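Working notes for the structure below.
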Amino acid sequence: MNIVFICPSNIKSNSEISITGSKSESNRLLIINALYSNTKLLNLSNSDDTKVLTKALSNLNGQTDIHHAGTAMRFLTAFLAQIEDREFVITGSARMQERPIGILVDSLNELGFEVRYLDKKGFPPLKIIGKKSIKSEIKLDSTVSSQYVSALMLIAPSLENGLKIILEGQIISKPYINLTLNILKKIGVKCSFKKNIIEIKNHSKSKISQYTVESDWSSASYFYSIVSLLDNTTIILSSFFDNSFQGDSKVSKIYESFGVNTTYKENTIRLTKMENYSKPDSLEFDLLENPDLAQTISVTALCMGIPLVLNGLQTLKIKETDRIIALKNELSKLGANVVYNDNSISINPPDKLNENVNIKTYDDHRMALSFSTVGLITPIYIEDYNVVSKSYPDYWSDLKSIGFNIEFQ
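What follows is the structure, encoded as structure tokens:
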């Protein structure tokens, strides 16, 4: 088992880091490029998930294994379903075969496509027989995953009569739906999202020749955590836009509660610790629209000794692991008192963190990424550290470049 040891470090007071493009944005653009355009994509993500999707789209040979890449599973299922007169099998890792996909499969079949289960109903692997759609309107349960919605949105312009999607129930991770909508609009697709109805018109070709992917705000969150735990430290990150399409750009507002200021300049963000910051007695956030920030925020509050309540976490149970249980287990090792249910978690930090704890990552990149900052406060071990390649392959080298004491074992 690969283990990384991190201990308190003298972090450089001024550091610059270049983060590659957003995984979420890159993966949407790859599907769009395969359907409607030959747009030149700049600053694509170098994550495993994006590499897996790129490989799959360049080699449509009948069987695809997308490993742990949940976005690729959902987006490819819809993409392959509309390739007429072709048959495909799509599968993934053992964990992927435990992650539900029934809502998307049911919707595709209702539209006239043909998707079958090869093992357990409601879960991959899938057999896909490409067909032409017979309907242009669908009702979709939006309480489980926004990726089901985005998967249909991405193929909608290729359908003869476009697509009207009526969302039923509480809309989960709405910023990711808006991200898909904004990208479609940028390439020239006529589409709208009003109340619970998404309408997308037929479209055949992108109107732009080049698209620069904004860097990943989820990856930026770990540097917000670092700055919050230190005094007199500035970190500059590129390439980020002050009119971001990404929902996790909300991290800049959330981390004001942890004493971090964000300044935009020439497609960079400068993170600095506020002078005269006063630590709050407790904090509470609703992350229904930003669930990928939950682990980072939890660890930050723990390290700063701030009692924390996070709500809107219902999607965390179907991620790479059950993230609520994983957080409870690993935060408790460090001395926290944790109470949770399917939608929320309450964390009361100890007076002093336990030292030399081994953190399990559960095949989940965000566990390794978020818990790494504990090493600024107390020595910590993180198991299976290579899991970060799923979204941020350069993470450990970037931490070393700003002064982290890291030892690989």
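Taking our numbering, I'd label the letters of the sequence shown as residues 125 to 533.
Note that beta-carbon positions come from the ideal geometry of N, C-alpha and C, so glycine has one too.
Nothing here was measured: the structure is a model prediction, and the numbers come from that model.
Am I right that I471 and L426 are in contact with their C-beta atoms under 8 Å? What's the rounded C-beta distance?
As a first step, residue 471 must be located in the sequence shown, where it is residue number 347. As a first step, residue 426 must be located in the sequence shown, where it is residue number 302. The Cβ separation is near 6 Å, so the contact holds.
Using the C-alpha atoms, what's the distance from T304 back to N157?
To locate residue 157, count along the sequence shown from 1; it is residue 33. To locate residue 304, count along the sequence shown from 1; it is residue 180. Using only the alpha carbons, I get a separation of about 13 Å.
If you run the structure through DSSP and keep just helix, strand and coil, what is Q117?
The structure shown has nothing for residue 117, since the chain only spans 125 to 533.
Does DSSP put K309 in a helix, in a strand, or in coil?
Taking the first residue of the sequence shown as position 1, residue 309 is located at position 185. The answer is helix: DSSP assigns K309 an H, G or I state.
Pick out the complete alpha helix (DSSP H) segments inside the region 411-485, 4 residues or longer, and give them in chain order.
Taking only runs of at least 4 residues, the alpha helix (DSSP H) segments lying wholly in the region 411-485 are 418-428 and 447-457.
Can you list, in chain order, the residues of its chain whose CB lies under 6 Å from that of Q294, leaving out five sequence neighbours each side?
Within the sequence shown, residue 294 is the residue found at index 170, counting from 1. Excluding sequence neighbours, Q294 sits near T267.
Using only the alpha-carbon positions, how far apart do R210 and Y241 sit?
If you number the sequence shown from 1, residue 210 lands on position 86. If you number the sequence shown from 1, residue 241 lands on position 117. Taking the straight line from one Cα to the other gives about 17 Å.
What separation, rounded to the nearest whole angstrom, lies between the Cα atoms of I430 and V423?
Along the sequence shown, one-based indexing puts residue 430 at 306. Along the sequence shown, one-based indexing puts residue 423 at 299. Looking at the two C-alpha atoms, the distance is approximately 10 Å.
Nearest by alpha-carbon distance to S362: which of G383, E338 and Y346 is it?
For this step, residue 362 is matched to residue 238 along the sequence shown. Nearest of G383, E338 and Y346 to S362, Cα basis: E338.
Looking at the secondary structure, which residues open and close the beta strand (DSSP E) in which D189 lies?
Reading the sequence shown from its first residue, position 65 is the one you call residue 189. Note, D189: beta strand (DSSP E), Q187 to D189.
By DSSP's criteria, N138 is part of a beta bridge. Which residues make up the other side?
Within the sequence shown, residue 138 is the residue found at index 14, counting from 1. Note: N138 sits in a beta bridge opposite T358.
Is the region 180-187 close to the region 159-170, with three or more CB pairs under 8 Å?
With the cut-off at 8 Å, the region 180-187 and the region 159-170 do not touch.
Specify, as a first and last residue, the run of the alpha helix (DSSP H) that Y379 falls within.
Taking the first residue of the sequence shown as position 1, residue 379 is located at position 255. Careful: Y379 lies outside any alpha helix (DSSP H) and carries neither H nor E.
So, using beta-carbon positions, are R558 and D416 closer together than 8 Å?
Given a span of 125 to 533 for the chain in the structure shown, any question on residue 558 remains unanswerable.
Among S297, D366, N326 and N467, which one has its Cα closest to the Cα of K441?
As a position in the sequence shown, residue 441 is number 317, starting the count at 1. Cα-wise, what sits closest to K441 is N467.
Tell me whether the beta-carbon of L437 lies closer than 8 Å to the beta-carbon of A460.
Here residue 437 corresponds to residue number 313 of the sequence shown, with the count starting at 1. Here residue 460 corresponds to residue number 336 of the sequence shown, with the count starting at 1. Their beta carbons are not under 8 Å apart, which means L437 does not touch A460 by this criterion.
Would you say T188 and F212 are within 8 Å of each other, going by their C-beta atoms?
Walking along the sequence shown from the start, residue 188 turns up at place 64. Walking along the sequence shown from the start, residue 212 turns up at place 88. Yes, the pair counts as a contact, with Cβ atoms nearer than the cut-off.
Looking at the unbroken alpha helix (DSSP H) that takes in Q334, where does it start and where does it end?
As a working note, residue 334 is residue 210 in the sequence shown. It is not in any alpha helix (DSSP H) - Q334 instead sits in the beta strand (DSSP E) that spans Q334 to T336.
Compare the C-alpha of K310 against each of I321, I506, P299 and K329 and name the closest.
Within the sequence shown, the letter at position 186 stands for residue 310. Among I321, I506, P299 and K329, the Cα nearest to that of K310 is on K329.
Can you tell me whether DSSP reads I526 as helix, strand or coil?
The sequence position of residue 526 within the sequence shown is 402, counting from 1. Note: I526 maps to coil in three-state DSSP.
Using the beta-carbon count (16 or more within 10 Å), is T277 buried or exposed?
Here residue 277 is taken as the residue at index 153 of the sequence shown, counted from 1. The identity of residue 277 in the sequence shown is Met, whereas the question assumes Thr. Counting Cβ neighbours within 10 Å, M277 comes out buried, since at least 16 surround it.
What do you get for E413, buried or exposed, if any count of 16 or more other CB atoms within 10 angstroms of its CB means buried?
Numbered from its first residue, the sequence shown carries residue 413 at position 289. So E413 ends up on the buried side.
Rounding to the nearest angstrom, what Cα-Cα distance links D372 and S342 in this structure?
Residue 372 sits at position 248 when you count from the first residue of the sequence shown. Residue 342 sits at position 218 when you count from the first residue of the sequence shown. Between D372 and S342, the C-alpha separation is close to 6 Å.
Is the beta carbon of Y519 sitting closer than 8 Å to the one on L500?
Residue mapping note: residue 519 aligns to position 395 of the sequence shown, counting from 1. Residue mapping note: residue 500 aligns to position 376 of the sequence shown, counting from 1. No, the Cβ-Cβ distance between Y519 and L500 is not below 8 Å.
List the DSSP bridge partners of R223.
Translated into positions along the sequence shown, residue 223 becomes position 99. Paired residues: none, contrary to the question.
What does E323 pair with, by DSSP beta-bridge criteria?
Along the sequence shown, one-based indexing puts residue 323 at 199. Answer by DSSP bridge pairing, in chain order: K288 and S316.
For F532 and V128, which I take to be in contact (beta-carbon distance under 8 Å), what is that distance rounded to the nearest angstrom?
Locating residue 532 in the sequence shown gives position 408, where the first residue counts as 1. Locating residue 128 in the sequence shown gives position 4, where the first residue counts as 1. 5 Å between Cβ atoms; contact.
Verify whether the separation of the beta carbon atoms of Q334 and K164 is less than 8 Å.
Looking up residue 334 in the sequence shown gives position 210. Looking up residue 164 in the sequence shown gives position 40. It is a contact, given that the beta carbons lie within the stated cut-off.
Of the choices G312, R198 and S270, whose alpha-carbon is the least far from that of E292?
Within the sequence shown, numbered from 1, the residue matching residue 292 stands at position 168. Comparing Cα positions, the closest option is S270.
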